[in-house]
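Listed in order, the protein sequences are those of chains B and U.
Counting with our numbering, you get residues 1 to 138 for the letters of the first sequence.
Counting with our numbering, you get residues 139 to 301 for the letters of the second sequence.
Built from N, CA and C at the ideal position, the CB exists for glycine as well.
Here's the structure, in structure tokens; my notes come after.
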Amino acid sequence: MTEFTPLVSFAGGTLIGLAAVLLMLSWGRIAGMTGILAGILPPFGSDMRWKASFLTGAVLAPLLYEATISDIAYQMPVSLEALIIGGVITGIGVTFGSGCTSGHGVCGLARFSRRSAVAVIMFMSFAFLTVFLTRHIF
Amino acid sequence: MRYLVAGLIGAIFGLGIITSGMANPAKVLNFFDLAGSFDPSLAFVMAGALTIAVPGYALIFRKLRKPVFTPNFNVPNNRTIDRKLVIGSSIFGIGWGIGGFCPGASLPALGLGHPTSFLFVLALIAGIMLAQLIQKARIFEHSASAATPISLTDTTEEIQDHA
Numbered sequence: 001m002t003e004f005t006p007l008v009s010f011a012g013g014t015l016i017g018l019a020a021v022l023l024m025l026s027w028g029r030i031a032g033m034t035g036i037l038a039g040i041l042p043p044f045g046s047d048m049r050w051k052a053s054f055l056t057g058a059v060l061a062p063l064l065y066e067a068t069i070s071d072i073a074y075q076m077p078v079s080l081e082a083l084i085i086g087g088v089i090t091g092i093g094v095t096f097g098s099g100c101t102s103g104h105g106v107c108g109l110a111r112f113s114r115r116s117a118v119a120v121i122m123f124m125s126f127a128f129l130t131v132f133l134t135r136h137i138f
Numbered sequence: 139m140r141y142l143v144a145g146l147i148g149a150i151f152g153l154g155i156i157t158s159g160m161a162n163p164a165k166v167l168n169f170f171d172l173a174g175s176f177d178p179s180l181a182f183v184m185a186g187a188l189t190i191a192v193p194g195y196a197l198i199f200r201k202l203r204k205p206v207f208t209p210n211f212n213v214p215n216n217r218t219i220d221r222k223l224v225i226g227s228s229i230f231g232i233g234w235g236i237g238g239f240c241p242g243a244s245l246p247a248l249g250l251g252h253p254t255s256f257l258f259v260l261a262l263i264a265g266i267m268l269a270q271l272i273q274k275a276r277i278f279e280h281s282a283s284a285a286t287p288i289s290l291t292d293t294t295e296e297i298q299d300h301a
């Protein structure tokens, strides 16, 4: 079991939304992790530098937070094999689907993109279905 | 300066992810476990993000002609709902349900220093590169007949496609 944390989770969400708004305001870009991560992998595009900067901040901030303020809950309930398989499948899916929870879920829905709405419905449905199958059927 | 701002925005994003609980795979998988240890917290993450992003985007697009650092807004303009979008997103959902990490949560999780998050990100990168190889092979087929330079096809696709 994990504790139900509506307020903290909502507050964390507002920071994610704020980051999306600030990135659009400053760089005119979508804060989608799929596109940002792909940008620092070959073939390197012209916007590799801002993407690398964004990623550096996104990794360093949690590191500093945990070092100075408090520990962040982290529990890995799945096996290493499942983690690796899940990672590869996720990478394939977000590349073909052109986005993930941040790109389609936050930025896409926030600008009322129908493509993103379809993507969100598909990935949420399949995540619910997958967890039901792995935890209750197999 | 521009890159410092990008880094600070990344930091806000990363802090949002870890405080929200998205970087804790146990919490994510419990959200998806309606029939078991259901934890509805993650719905509040999305609600919080959209509470800021919906009016924020609306205000930006209404009031500003261009972003601060670049000549124009670079938002996806592809409107077609195709098989690639539907199948790709479905595959992502399966991966998310197996591993408990979405890409946006796994990168900030690296900062927490748990070896399992590094393993996930390596697998994620492998998946992304594998999919890019498959896509490239197909783009090559099309562009060979249309005589379009591959690099051009790539850029257009990147701009239009990445939501």
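{"query": "Compute the Euclidean distance between the alpha carbons of Leu41(B) and Ala149(U), then round it to the nearest angstrom.", "result": "20 Å"}
{"query": "Using a Cβ-Cβ cut-off of 8 Å, state whether Ala261(U) counts as contacting chain B.", "result": "yes"}
{"query": "Decide if Phe10(B) is buried, meaning its Cβ has at least 16 other Cβ atoms within 10 Å, or exposed.", "result": "buried"}
{"query": "Do the CB positions of Val8(B) and Thr189(U) come within less than 8 Å of each other?", "result": "no"}
{"query": "Taking the alpha-carbon positions, what's the Arg140(U) to Ala19(B) distance?", "result": "15 Å"}
{"query": "List, in order along the chain, the chain B residues whose C-beta lies closer than 7 Å to that of Phe256(U)?", "result": "Correct list: empty, because the minimum Cβ distance to chain B is about 10 Å."}
{"query": "Roughly how many whole angstroms lie between the Cα atoms of Leu197(U) and Arg135(B)?", "result": "43 Å"}
{"query": "Between Ala19(B) and the ligand FMN, is the CB less than 7 Å from at least one heavy atom?", "result": "The model on display carries no ligand, and the ligand FMN is accordingly not part of it."}
{"query": "Could you list which residues in chain U have their beta carbon closer than 9 Å to that of Phe96(B), in chain order?", "result": "Lys222, Leu223, Ile225, Gly226, Ser227, Ile229, Phe230, Ala269, Ile272 and Gln273"}
{"query": "Kindly list, in the order they appear in chain U, the residues whose Cβ is closer than 7 Å to that of Thr68(B).", "result": "Residues of chain U passing the Cβ test: none, with the nearest at roughly 12 Å."}
{"query": "Just verifying my parser: in three-state terms, what is the DSSP assignment at Met122(B)?", "result": "helix"}
{"query": "Check whether the Cβ atoms of Ala191(U) and Ala61(B) sit closer than 8 Å, and answer yes or no.", "result": "no"}
{"query": "Hey, is Met139(U)'s beta-carbon within less than 8 Å of any beta-carbon in chain B?", "result": "no"}
{"query": "If you draw a straight line from the C-alpha of Ala269(U) to the C-alpha of Pro43(B), how long is it?", "result": "13 Å"}
{"query": "For Arg203(U) and chain B, any beta-carbon pair shorter than 8 Å?", "result": "no"}
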